[in-house]
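Colleague: In this note's numbering, the protein residues as written are 8 to 403.
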Amino acid sequence: QQPLAAAMSPDPHRRIRGVFAHLRPELVASAVHEHALPRGGGSIVVVTGAAGYIGGWLVVKLLERGHTVRACVRDVNNDSKVGFLKAMPDFGGRLSLHAADMTVEGAYVAIFEGAHTVFHPAEVFMSFAGGRARDAAQKDFGGKATAQALNEHALRSSRFLVDSINRTSTVRRLIYTSSIAAILPNLRDLIARPSVDETREPGADKVGEHSYAITKRSTEHFFAYQASISGGRWSAIVANPSDVVGPVLAQHQAAETWQGKLAGILRGVPAEQELTGRPWMLVDARDVAEAEIRLAESPDVESGQRFMLTSGDKVFPEDLGPRIMELYPSYQCATTVAPPARTKEVVRSEPFWIRVHLRNDKVANAIGMSFHSFDDTLRATVESLTTIGGITPNLK
Numbered sequence: 008q009q010p011l012a013a014a015m016s017p018d019p020h021r022r023i024r025g026v027f028a029h030l031r032p033e034l035v036a037s038a039v040h041e042h043a044l045p046r047g048g049g050s051i052v053v054v055t056g057a058a059g060y061i062g063g064w065l066v067v068k069l070l071e072r073g074h075t076v077r078a079c080v081r082d083v084n085n086d087s088k089v090g091f092l093k094a095m096p097d098f099g100g101r102l103s104l105h106a107a108d109m110t111v112e113g114a115y116v117a118i119f120e121g122a123h124t125v126f127h128p129a130e131v132f133m134s135f136a137g138g139r140a141r142d143a144a145q146k147d148f149g150g151k152a153t154a155q156a157l158n159e160h161a162l163r164s165s166r167f168l169v170d171s172i173n174r175t176s177t178v179r180r181l182i183y184t185s186s187i188a189a190i191l192p193n194l195r196d197l198i199a200r201p202s203v204d205e206t207r208e209p210g211a212d213k214v215g216e217h218s219y220a221i222t223k224r225s226t227e228h229f230f231a232y233q234a235s236i237s238g239g240r241w242s243a244i245v246a247n248p249s250d251v252v253g254p255v256l257a258q259h260q261a262a263e264t265w266q267g268k269l270a271g272i273l274r275g276v277p278a279e280q281e282l283t284g285r286p287w288m289l290v291d292a293r294d295v296a297e298a299e300i301r302l303a304e305s306p307d308v309e310s311g312q313r314f315m316l317t318s319g320d321k322v323f324p325e326d327l328g329p330r331i332m333e334l335y336p337s338y339q340c341a342t343t344v345a346p347p348a349r350t351k352e353v354v355r356s357e358p359f360w361i362r363v364h365l366r367n368d369k370v371a372n373a374i375g376m377s378f379h380s381f382d383d384t385l386r387a388t389v390e391s392l393t394t395i396g397g398i399t400p401n402l403k
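Right, dumping it as structure tokens:
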């Protein structure tokens, strides 16, 4: 739907509501306190992308709180991805698995009916992330996976998800997992003001109008707008995690994204340097899941708000090996970096990154959130990579 589709509706009541929501969405969503996920368990919730890193931890923590969890995955029979979910004690009881392709219209309707809250960490882009089976993802995608095509698929999938919510009678809250990419400004603006919080914006003129950052930010706007014109039926809250590490729950997660890079460092393989030599900006997967659930439970958080989820810890990838070896003296980890993707040379890590400050006070004040320490997260990640992920560290 176009942003002002409701304002142009032939239905005069919907048209007035759409214009009003566009101008003052917080008033249309005044019933947001009624949308809070009840504390103490007993509700039905849905987790998309449940076989993933954040999705898996959401399942764990929601079950611990006593909720009934409908876990959405691509293939319920692919035990290499969903076996860890089936191994949970609550599987077959308060935990059920549901096959759902987010790119198919109506895929979620039956799953959402009866649920109170939808947690939505699934995304199209992750199928092509580091450590994923890109050939299989390309085959599923059906065409060339250009930035524009991924952008269009992601926005279409978001429309399908909203349509599914609107076709149910029970969903009251959507918790959307976005990214710090939808917050980080361009380098010039970051150098001028090195404090990063929820007021910052990525620049399409620098990163591209179909980039991951702009797609995530556009999706945030879309969900907030759609919630605002729902007539107070449901609300949307956005979580923006930074670079997610922490303990893996299944072997397939050990090869993916940031934890996959950390697994390479354990093997003695240098991680690729990030573009512009930026440090990793860390947050523990357990903290992301905990924060998202607390946001769902909050009666005070207004619809459309977004919250940066980050510990505030920054570390250059070449420093991770020495940090690991402090904890595990017998390991011989990588202590250098490889050139960034599609480049030939390692670049200088610019000193301004030392000055960059990642602020998490908004989420701390809103829900009393605190974050695992660097050592706790690093130790838990390494332990899980070796015991669950099957990673064999390089030894001295």
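All residues carry an ideal CB built from backbone N, CA and C; glycine is no exception.
For VAL53 versus THR110, is the C-beta spacing smaller than 9 Å?
Modeller: For VAL53 and THR110, no; Cβs fall outside 9 Å.
Colleague: Report the CB separation of ILE300 from SER249 in whole angstroms; it is logged as a contact under 8 Å.
Modeller: Rounded, the Cβ-Cβ distance is 18 Å, inconsistent with contact.
Colleague: So, with DSSP's three-state summary, where would you put GLU205?
Modeller: Here GLU205 sits in coil by DSSP.
Colleague: Just how far apart, CA to CA, sit LEU102 and SER202?
Modeller: One C-alpha to the other measures close to 41 Å.
Colleague: What are the partner residues of CYS79, as DSSP defines its beta bridges?
Modeller: Beta-bridge pairing links CYS79 to HIS105.
Colleague: Answer yes if the stretch 274 to 283 comes into contact with the stretch 336 to 354, meaning at least three C-beta pairs across the two stretches below 8 Å, and no otherwise.
Modeller: As far as the Cβ criterion goes, the stretch 336 to 354 touches the stretch 274 to 283, which means the pair count is three or higher.
Colleague: Run through the stretch 235 to 319 for me and flag every whole beta strand (DSSP E) of 3 or more residues, listed as ranges in chain order.
Modeller: Whole beta strand (DSSP E) segments, 3+ residues: 242 to 248, 250 to 252, 287 to 291, 313 to 316.
Colleague: Going by other Cβ atoms of all chains shown within 10 Å of its Cβ, with 16 needed for buried, is PRO306 buried or exposed?
Modeller: Classification of PRO306: exposed, given that the 10 Å Cβ count is below 16.
Colleague: Can you look up ARG180 in the DSSP assignment and give me helix, strand or coil?
Modeller: DSSP places ARG180 in strand when its eight states are reduced to three.
Colleague: Less than 9 Å separating the beta-carbons of VAL214 and ILE61?
Modeller: No, Cβ-Cβ distance for VAL214 and ILE61 is not below 9 Å.
Colleague: List the DSSP bridge partners of VAL344.
Modeller: ALA278.
Colleague: DSSP three-state call for LEU44: helix, strand or coil?
Modeller: Coil.
Colleague: Are the stretch 91 to 101 and the stretch 63 to 76 touching, with three or more C-beta to C-beta distances below 8 Å?
Modeller: The stretch 91 to 101, when compared against the stretch 63 to 76, does touch it at the 8 Å Cβ threshold.
Colleague: Do you know how far the Cα of CYS340 is from the Cα of THR394?
Modeller: Rounded to the nearest angstrom, the two C-alpha atoms are 17 Å apart.
Colleague: Straight-line CA distance for TRP287 to VAL251?
Modeller: Roughly 9 Å between the two C-alpha positions.
Colleague: Can you tell me whether LEU321 is helix, strand or coil according to DSSP?
Modeller: Reading off the sequence shown, one finds Lys at residue 321, where the question assumed Leu. Residue state, collapsed to three classes: strand.
Colleague: Decide if SER235 is buried, meaning its Cβ has at least 16 other Cβ atoms within 10 Å, or exposed.
Modeller: Burial call: buried.
Colleague: By how many angstroms is the C-alpha of ALA270 removed from the C-alpha of GLU325?
Modeller: Distance between the alpha carbons of GLU325 and ALA270: 13 Å.
Colleague: Leaving out five residues before and five after GLY138 in sequence, what residues of the same chain have Cβ atoms less than 7 Å from its Cβ?
Modeller: Low per-residue confidence applies at GLY138: pLDDT is 46, beneath 50, and the placement is therefore not dependable enough to give any value.
Colleague: In angstroms, rounded to a whole number, what distance separates the CA positions of ARG224 and ARG166?
Modeller: The straight-line gap from Cα to Cα measures roughly 15 Å.
Colleague: Could you say which of ASN173, ASP291, GLU309, PHE230 lies nearest to THR317 if we only look at CA atoms?
Modeller: Answer by Cα proximity: ASP291.
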